[in-house]
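Chemist:
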Amino acid sequence: MRIRLARGSDLPLLQDIERAAGEPFRTLGMASIADDDPPPLDVLDGYRRAGRCWVATDALPAADDRPAGYLIADPVDGAFHIEQVSVDPAAARRGVGRALIGHLASWAAERRPTALTLTTFTDVPWNAPYYTRIGFRTLGESELTDGLRRIRAEEAEHGLDRWPRVCMRREP
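Spelled out as structure tokens, the structure:
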């Protein structure tokens, strides 16, 4: 597997990955998550131009590769916050998400963050339980930074609090 920065030509494929990755939520009674629109192309392009949008591919040479997953991240209160990590279900259970998060951790280490953070659903097997297995821990309310509180408020406005959610952190 190869992790690289996203190219402009990848961005519509990332939207396809996001749509496909949402489908399994339907089986958990979370149809609105499955039906949620992927990030718009201009938003993805902003991450790409900022150098914070990575894709995982398995094809060589690089000119022929096609993303199987992607990750976008934001600096939030001294940490790097995983805004989204999605893997095409056809590539699931092959370590794609773990590789993307590992790449972010290596990239972030050079920038000396306080941590990696994310928000996720508590009761979805490929969400909080998965992140716990790869070294993240759930943050208590008193541990949330102002930036994480803002993110959670935005998520609540978007309707994501219909299901239990948490903020998680992994030390660098």
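Numbering (the numbering used here), first residue to last: 6 to 177.
Where a beta carbon is used, it is the ideal one built from N, C-alpha and C, also for glycine.
Nothing here was measured: the structure is a model prediction, and the numbers come from that model.
Ignore the nearest five residues each way along the sequence and tell me which others in H108's own chain have a CB closer than 7 Å to its CB.
Modeler: So the qualifying residues of the chain are I8, W59.
Chemist: For I139 and R103, I'd like the C-alpha separation in whole angstroms.
Modeler: Computed Cα separation, rounded: 8 Å.
Chemist: Please check the pair M173 and Y136, which I expect to be a contact at CB under 8 Å, by giving their CB distance rounded to whole angstroms.
Modeler: Indeed they touch by this definition, with Cβ atoms about 5 Å apart.
Chemist: How many Å lie between Y52 and L33 at the Cα?
Modeler: Each residue's alpha carbon lies about 30 Å from the other.
Chemist: Please return the same chain residues whose Cβ sits closer than 8 Å to the Cβ of E184, not counting the five positions on each side in sequence.
Modeler: Since the first residue of the chain shown is 6 and the last is 177, residue 184 is not available in this structure.
Chemist: Report the three-state DSSP secondary structure of L123 (helix, strand or coil).
Modeler: Reduced to three states, the DSSP call for L123 is strand.
Chemist: What would DSSP say about W131, mapped onto helix, strand or coil?
Modeler: It is coil, neither helix nor strand.
Chemist: Going by DSSP in three states, D50 sits in which element: helix, strand or coil?
Modeler: Three-state DSSP puts D50 in a helix.
Chemist: For D93 and A25, which I take to be in contact (beta-carbon distance under 8 Å), what is that distance rounded to the nearest angstrom?
Modeler: Going by Cβ atoms, the distance from D93 to A25 rounds to 5 Å, so yes, they are a contact pair.
Chemist: Between which two residues does the alpha helix (DSSP H) carrying I179 extend?
Modeler: Limits of the chain in this structure are 6 at one end and 177 at the other, which puts residue 179 out of reach.
Chemist: Roughly how many angstroms lie between the CA atoms of A11 and A55, to the nearest whole one?
Modeler: Taking the straight line from one Cα to the other gives about 11 Å.
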